[in-house]
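Please read the structure below before turning to the comments.
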Amino acid sequence: HVIKNYEINAEQIDNNTHMAYGLFSAIGGDAVIENLGIENVSLRMGAHWVYISFGALTGAMIDNAEIRNCYSKNVSCNHAYSNGEYSKTGGLAGSMYGTAKIFNCYSLGLTEASGSSYFGGIVGGIYSADTSIQNCYSDTTIGVADAGAWGKWWNLYYPDTITLKWPWKYYSQNTPVGYIGDTQTVDELKAVPGNLKSAFAADTKNINGGYPVLKWQSDESGEGGEGETGEEILIGTAEELIAAANAINADADCGKGNTYKLTADIDLENKTWNTFIGTYNYETGVGKPFKGTFDGDGHVIKNYTVKGAHKLMTGLFGAISDSAVVKNVGVKNVSVIVDTDWVWTTAGGLVGGVYGSAQVTECYAKNVTMDITNYKVAGEVRNTISYGGGLVGAVYDSGTVRNCYALNMTVDTDEVMFEGGIAGYIDGYAKIENCYTDLYIAVSTKSTGASVDNSYYLGTPPWPWSNGADSTYVYKGTQVGSTLELKNLAPTLGEAFSIDSLTNTINDGYPVLTWEYNAPSLSGGGTEDMPYEIYTEEDLSVFATYDNTAGKYFKLMDDIDLGGAVWSVPVGSKTAPFEGIFNGNGHVIRNMKLKAPQSGKINYVGLFGCIGGDARIYDLGVENTVAAAEGEWGYNTVCGAVVGIAVDNASISRCYVKNNVFDNNGQYNFLFETVGALLGQADGDGVTVIDCYSLGTQVNNDCAANESGLIGQLLNFSSVANCYSDTTLSMCLSEDMNKVKNSYYVTETTGTAYDRAGTLAEENTLKTMASVLGGAYVNTENGYPVLVWETAEVKDGIVSLIYLDSEGKETLSISDAVSLKSVELIKTNDEQGRLFAAAYKDNVLKNVVICDQTVEASGKYNADLLLNGADTVKIFVMTADMKPLAKACVVTVP
-15 HVIKNYEINA EQIDNNTHMA YGLFSAIGGD AVIENLGIEN VSLRMGAHWV
35 YISFGALTGA MIDNAEIRNC YSKNVSCNHA YSNGEYSKTG GLAGSMYGTA
85 KIFNCYSLGL TEASGSSYFG GIVGGIYSAD TSIQNCYSDT TIGVADAGAW
135 GKWWNLYYPD TITLKWPWKY YSQNTPVGYI GDTQTVDELK AVPGNLKSAF
185 AADTKNINGG YPVLKWQSDE SGEGGEGETG EEILIGTAEE LIAAANAINA
235 DADCGKGNTY KLTADIDLEN KTWNTFIGTY NYETGVGKPF KGTFDGDGHV
285 IKNYTVKGAH KLMTGLFGAI SDSAVVKNVG VKNVSVIVDT DWVWTTAGGL
335 VGGVYGSAQV TECYAKNVTM DITNYKVAGE VRNTISYGGG LVGAVYDSGT
385 VRNCYALNMT VDTDEVMFEG GIAGYIDGYA KIENCYTDLY IAVSTKSTGA
435 SVDNSYYLGT PPWPWSNGAD STYVYKGTQV GSTLELKNLA PTLGEAFSID
485 SLTNTINDGY PVLTWEYNAP SLSGGGTEDM PYEIYTEEDL SVFATYDNTA
535 GKYFKLMDDI DLGGAVWSVP VGSKTAPFEG IFNGNGHVIR NMKLKAPQSG
585 KINYVGLFGC IGGDARIYDL GVENTVAAAE GEWGYNTVCG AVVGIAVDNA
635 SISRCYVKNN VFDNNGQYNF LFETVGALLG QADGDGVTVI DCYSLGTQVN
685 NDCAANESGL IGQLLNFSSV ANCYSDTTLS MCLSEDMNKV KNSYYVTETT
735 GTAYDRAGTL AEENTLKTMA SVLGGAYVNT ENGYPVLVWE TAEVKDGIVS
785 LIYLDSEGKE TLSISDAVSL KSVELIKTND EQGRLFAAAY KDNVLKNVVI
835 CDQTVEASGK YNADLLLNGA DTVKIFVMTA DMKPLAKACV VTVP
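In our numbering, the protein residues as written are -15 to 878.
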């Protein structure tokens, strides 16, 4: 849209203050002004004034501020007094500082005031070498750079008929101050220079007297804006996808204004995809990039081959431009090949090239391969994929790739010049944000204004590069040290991502987009009376995603056997500790695998990484945990099967650990910093460990610098009491020994700077010491004391659910049932309650019943719940005041 017909009066403050005036006086920080036109603007100097910085849009740009896809027309400067001076005058901006940027803009009809020093159609004066201006033109000049402020400028044009006043052009006079940009004839400008074609179009509607217009101006209204709302085209089959691609490529507006939406996954059955959606030849600048919106709506397109064509953008989408959006779609099993006599191409599994202000967001690419099967040589040049990206070939202008990932990209040829999992190349002022890949993010030149933020990669970039690239090119993004680090990035990447399920059903443990896996919430309300309930390994994985845990209650409702699965998302970190209350409820977590990352950074690894605040963990058993090295080297990992580190006032009570193994897998360059079966380190003045024990702790290959059977190190703590270990107990400073009370160990070892905490006891004696250890323990017939809860009778709970199928016959399976007939439960307490039964489909409640019978004793209770095609049934037994009486039961169709 356009703002027009306004006047700005510059008012004097004092004779020594330099002021900035414009529609915006100044913009800074990360401010962005885009897609705006300003016309018929007058700046009036209303007083005796010296040194005004004036721009019709903004007086000054500082920090990282940006102006993009904007224009100014007919801007004039007027004097009310003869002794005023405009020191910097620009059609868009008066002056630029810091890392400010302007791109894809133009200025027409700027009238200079007498007495102005620095003057330009785009910007008056430039005062930092870190500023950037790109893809702009003016019918006057572009702007003037001050001494030492020669920055990053590309594709800037003004007419060769302009007579430059002082300061003369830098290259002709070798002065430290001068005009920037290159001259072209008026006819050349009106024909739209090739370097401007991604943002500008020819003035076919005579909006600009023949000079190029921004593409957003070239809609039917002729006044800017978006034009009329387009159609929504639904795509559910391969045939419909091909038809949509052909229609887009035949459309004069290349789908602009339309939304194309997937309604199902599409399998292209290993066919060659010839109909690139949107075309662009990056040598001639000719093409018809896609300009609409493509919404995958959480669906996947898979199993296809794209063949590179010479100088054409190659992918499912060849090129997208303007304000095009591709979102919420995944592509899998894509082969990109070059098999003809002569090809030099840019290719991506999803999109070949992203131009203008186009966006690719919340998308992924998996299993993309690139290969050249015909090594035809033309002169000294072979067939080449210039830029190859798992997701996108290249990103230019102010294009953006955001909230995306790429996994398992394979390059089977040396003839890819630049390669990356997210993009092969990024240039201009393009952005990649909140992305990850197990290869590399993208390559760019060091001098570009392109940015890669909060994006991570695992691969080690090749150096020196076999393709002969020099050091002016860099791999952008943040490299992580291990697969485990990459898999733990979901919280860092932001709200678009979720952790993968513990059983790795989607992404082998790597972060997933939320549309791929909407993790179900835990049953319960997080209060003491209605805690969040954890029944399965999936629930445990969901539990790891909960934040803001302070004061929240969690309850383990059943034993969980992880079957050797890697627990890659420890609950809580040093910067965001778990601060809730975790009730193990007398249950056991078995067969967990912990991975210590290949890193020199401090890592805290365990079921819980870090607990703090007033966190409490109690009545929990952990058995048969293996903590092993992720790679061949590493150190500084602090590990405990239950908790890595406890800080603040955290407490652990009535818990045990059995048969915990620490191992570096024979990699002798890997050394754990500190290990303890229950807790790696205590480092908080209020930390307590009460009524806990460990048995069978092993540290293989001497792989820990500091080790103990129960707690690795007691650095700072309040109390350890009524605990024991069949190896060592812990280590602490001699002056803290009095804080370790009534606690025992069997194996005598020597400490270093720390002494062995607790009291040495004979093995046979310790096996009889339940009464000495206190009321939390009971003796066993032949072994060590156990916690009282380990010998408790069967707990309240749901035993079985009886369904009826379509013939009215009883069945135990929900998959072929039409109704839930009855629920069998065990009840050992005296409270009365009611049974609630609820049916869900796709996490949407379909039906719920409250049983008429009062639940008083163990037995079967009628439910009579119609399933209505449900995929999940949840059962609750609650008292009248909504307290849980028996554990909930969640049954899902397999």
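Even glycine gets a Cβ: it sits at the ideal position worked out from N, Cα and C.
Between the alpha carbons of G615 and L663 lies a distance of about 23 angstroms. DSSP places P143 inside the beta strand (DSSP E), whose first and last residues are K136 to P143. Closest by C-alpha distance to Y288, out of K255, G383, L804 and C388, is K255. Selection T188, K181, I117 and Y90 evaluated against P143 yields Y90 as nearest (Cα-Cα).
By the C-beta density criterion, H(-15) is exposed, having fewer than 16 other C-beta atoms within 10 angstroms. Inter-segment contact for the segment 543 to 560 and the segment 593 to 612 is present: three or more beta-carbon pairs are separated by less than 8 angstroms. Assigned with DSSP and collapsed to three states, D235 falls in coil, not helix or strand. In the DSSP assignment, K725 forms a beta bridge with A705. The continuous beta strand (DSSP E) containing T329 extends over residues W328 to G332.
For T476, the enclosing alpha helix (DSSP H) begins and ends at A474 to L477. With a contact defined as Cβ atoms closer than 8 angstroms, V627 and G668 miss out at about 12 angstroms. Looking at the DSSP output, T795 bridges to Y787. For secondary structure counted as the beta strand (DSSP E) over 3 or more consecutive residues, the segment 608 to 667 holds these complete runs in sequence order: 610 to 613, 621 to 624, 627 to 630, 635 to 637, 640 to 642, 645 to 647, 656 to 660 and 663 to 667.
For V756, the three-state secondary structure derived from DSSP is helix.
Contact between Y440 and V464 holds: their C-beta atoms lie close to 5 angstroms from each other, under 8 angstroms. By the 16-neighbour rule on beta-carbons within 10 angstroms, L218 is exposed.
Counting along the chain, the unbroken alpha helix (DSSP H) around L524 starts and ends at E521 to F527. Shown here, N392 sits in coil according to DSSP, grouped into three states, outside any helix or strand. Listed as beta-bridge partners of N587 by DSSP are T621. According to the DSSP secondary-structure assignment, D251 is paired through a beta bridge with K286.
The Cβ neighbour count for Y244, taken over all protein chains shown within 10 Å, is at least 16; the residue is labelled buried. Under DSSP, Y348 shares a beta bridge with G314 and Y389. The DSSP-derived three-state label of D669 is coil. Within the segment 169 to 204, complete alpha helix (DSSP H) segments of at least 4 residues are found at 170 to 174, given in chain order. Comparing alpha-carbon positions, the option among N649, C716 and G742 lying closest to Y677 turns out to be G742. For L750, the enclosing alpha helix (DSSP H) begins and ends at E747 to L750. As the crow flies, the alpha-carbon of G680 is around 11 angstroms from that of T712.
By DSSP's assignment, S806 forms a beta bridge with I786 and N846. Shown here, K811 sits in coil according to DSSP, grouped into three states, outside any helix or strand.
With respect to the 8 angstroms criterion, V128 and I146 are not classified as neighbours on the basis of their beta carbons. Beta-bridge pairing by DSSP links K577 to V550 and V610. Separation of the CB atoms of P445 and L473 is rounded to 19 angstroms, and the pair is thereby denied contact status at 8 angstroms. Membership of E417 in any alpha helix (DSSP H) is not indicated; the residue belongs instead to the beta strand (DSSP E) covering K415 to E417.
A direct Cα-Cα distance of roughly 41 angstroms separates D235 from T476.
Put simply, the segment 747 to 755 does not touch the segment 825 to 840. Fewer than three CB pairs are less than 8 angstroms apart.
Taking all protein chains in view, the Cβ of N722 is surrounded by fewer than 16 other Cβ atoms within 10 Å, so the residue is classified as exposed.
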